[in-house]
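Take a look at the structure below.
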Amino acid sequence: MSKIELSSRQEKILQIVKDHGPITGEQIADQLNLTRATLRPDLAILTMAGYLEARPRVGYFYTGKTGSQLLTEKIKKLQVYQYQSMPVVVDESVSVYDAICTMFLEDVGTLFVVDKNSSLVGVLSRKDLLRASLGNSNLEAIPVNIIMTRMPNITFCHKDDLIIDVAEKIIEKQIDAVPVVKHTEHGYEVIGRLTKTNMTKVLVDIAKDEII
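This is the structure in structure tokens:
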């Protein structure tokens, strides 16, 4: 949702509800010398934005929340699935050389390693691959399962987790990406990723007031 710039009429509606709430739509319309139908879009906007609450057979209440408070509440409700991106996975049997090629071709900083059942078994970062390539001339002979970070040392999340909680994990662990997983009979299937870039997208949306 784009940033809501309240009109003068909407500001008047807020003031009326502050002073006289709970108050019905008809009573608000009477005070403004307008019809209920004319006010309906304004009341809907103010209610959806969180400035007002509407209760059946009672009327409208002012929530008492500022724009910044409403935005903070929205941010705290954001879930992983709203910002996750597609994961890039490799089989645990591939070589370090192949993993490096995949990482650069896909232009990502983290690869997720899966077994024959497509279950998450490891994570590869740019640092892991760089460390493995230093001093080794035959990277095609080194399988990634030798150098990857393994379970249970992998930080992961689920699509319904709160983004703010995952962001704290990324900061705490000093990692670039977290796999989004779902539980299967074989383990955890990777269904997405949440990265620092995704977090930056959240910041951009906040700056543009596009948080829904």
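Its first residue numbered 1, the sequence shown is counted upward by one per residue in full-length UniProt numbering. Every residue gets a Cβ at the ideal spot worked out from N, C-alpha and C, and that includes glycine. Quantities reported herein were computed from a predicted structural model and do not represent experimental measurements.
- Query: Closer than 9 Å, CB to CB, is Ile191 near chain D or not?
  - Reply: The structure shown contains no chain D; it is built from a single protein chain.
- Message: Quick test of your reading: residue 235 and Ile175, contact by CB under 8 Å. State the CB separation rounded to the nearest angstrom.
- Response: The structure shown has nothing for residue 235, since the chain only spans 1 to 212.
- Task: Could you give the DSSP three-state label for Ile154: helix, strand or coil?
- Result: In the sequence shown, the residue the question calls residue 154 occupies position 154. Ile154: coil per DSSP, three-state reduction.
- Would you call the CB atoms of Gly187 and Leu111 closer than 9 Å? Stepping through the sequence shown from its first residue, residue 187 is reached at position 187. Stepping through the sequence shown from its first residue, residue 111 is reached at position 111. Cβ distance not < 9 Å, so Gly187 and Leu111 don't count as in contact.
- Query: According to DSSP, is Leu39 helix, strand or coil?
  - Reply: The sequence position of residue 39 within the sequence shown is 39, counting from 1. Here Leu39 carries a helix assignment [DSSP, helix/strand/coil].
- Message: What does the alpha-carbon distance come out to for the pair Asn198 and Ser137?
- Response: To locate residue 198, count along the sequence shown from 1; it is residue 198. To locate residue 137, count along the sequence shown from 1; it is residue 137. Each residue's Cα considered, the two are about 35 Å apart.
- Message: Please state the DSSP three-state secondary structure of Tyr51.
- Response: Numbered from 1 along the sequence shown, position 51 holds the residue referred to as residue 51. Coil, per DSSP.
- Message: Mapping the DSSP letters down to three states, classify Lys65 as helix, strand or coil.
- Response: In the sequence shown, residue 65 corresponds to position 65, counting from 1. In this structure, Lys65 counts as coil in the three-state DSSP scheme.
- Contacting residues, own chain, Cβ-Cβ under 7 Å from Thr63 (five flanking each side not counted): Position 63 of the sequence shown, counting from 1, holds the residue named residue 63. Only Gly50, Tyr51, Leu52, Glu53 meet the Cβ criterion.
- Evaluate Ala44 with the Cβ neighbour count: other Cβ atoms within 10 Å of its Cβ, from every protein chain shown; 16 or more gives buried, anything less gives exposed. What you label residue 44 is simply residue 44 of the sequence shown in a count that begins at 1. With fewer than 16 other Cβ atoms within 10 Å, it is exposed.
- Query: Does the beta-carbon distance from Ser93 to Leu139 come in below 9 Å?
  - Reply: Mapped onto the sequence shown, residue 93 falls at position 93. Mapped onto the sequence shown, residue 139 falls at position 139. Result no, Cβ atoms of Ser93 and Leu139 do not sit closer than 9 Å.
- Query: So is Met1 buried or exposed if we call it buried at 16+ other beta carbons inside 10 Å?
  - Reply: Working through the sequence shown from its first residue, we reach residue 1 at position 1. Summary for Met1: the model assigns pLDDT 41, below 50, so the residue's position carries little reliability, and this model does not support an answer.
- Distance, Asn117 Cα to Pro143 Cα: As a position in the sequence shown, residue 143 is number 143, starting the count at 1. As a position in the sequence shown, residue 117 is number 117, starting the count at 1. Whole-angstrom Cα-Cα distance: 18 Å.
- Tell me where the beta strand (DSSP E) around Arg193 begins and ends. For this step, residue 193 is matched to residue 193 along the sequence shown. 187-195 is the span of the beta strand (DSSP E), which, as asked, contains Arg193.
- Message: Relative to the C-alpha of Asp160, which candidate in Gln82, Lys74, Lys12 has its C-alpha closest?
- Response: Taking the first residue of the sequence shown as 1, we reach residue 160 at position 160. Nearest of Gln82, Lys74, Lys12 to Asp160, Cα basis: Gln82.
- Query: I think Leu129 touches Ile100, with their Cβ atoms under 8 Å apart; what is that distance to the nearest whole Å?
  - Reply: In the sequence shown, counting from the first residue as 1, residue 129 sits at position 129. In the sequence shown, counting from the first residue as 1, residue 100 sits at position 100. Taking a contact as a CB-CB distance under 8 Å, the pair Leu129 and Ile100 counts as one, their CB atoms being some 5 Å apart.
- Item | 7 Å CB neighbourhood of Thr24 in its chain, flanking five on each side removed | Walking along the sequence shown from the start, residue 24 turns up at place 24. Answer for Thr24: Gly59, listed in chain order.
- Count the other CB atoms, across all protein chains shown, that sit within 10 Å of the CB of Gln84; report buried if there are 16 or more and exposed otherwise. Here residue 84 refers to the residue found at position 84 when the sequence shown is read from its first residue. Answer is buried; the Cβ neighbour count reaches 16.
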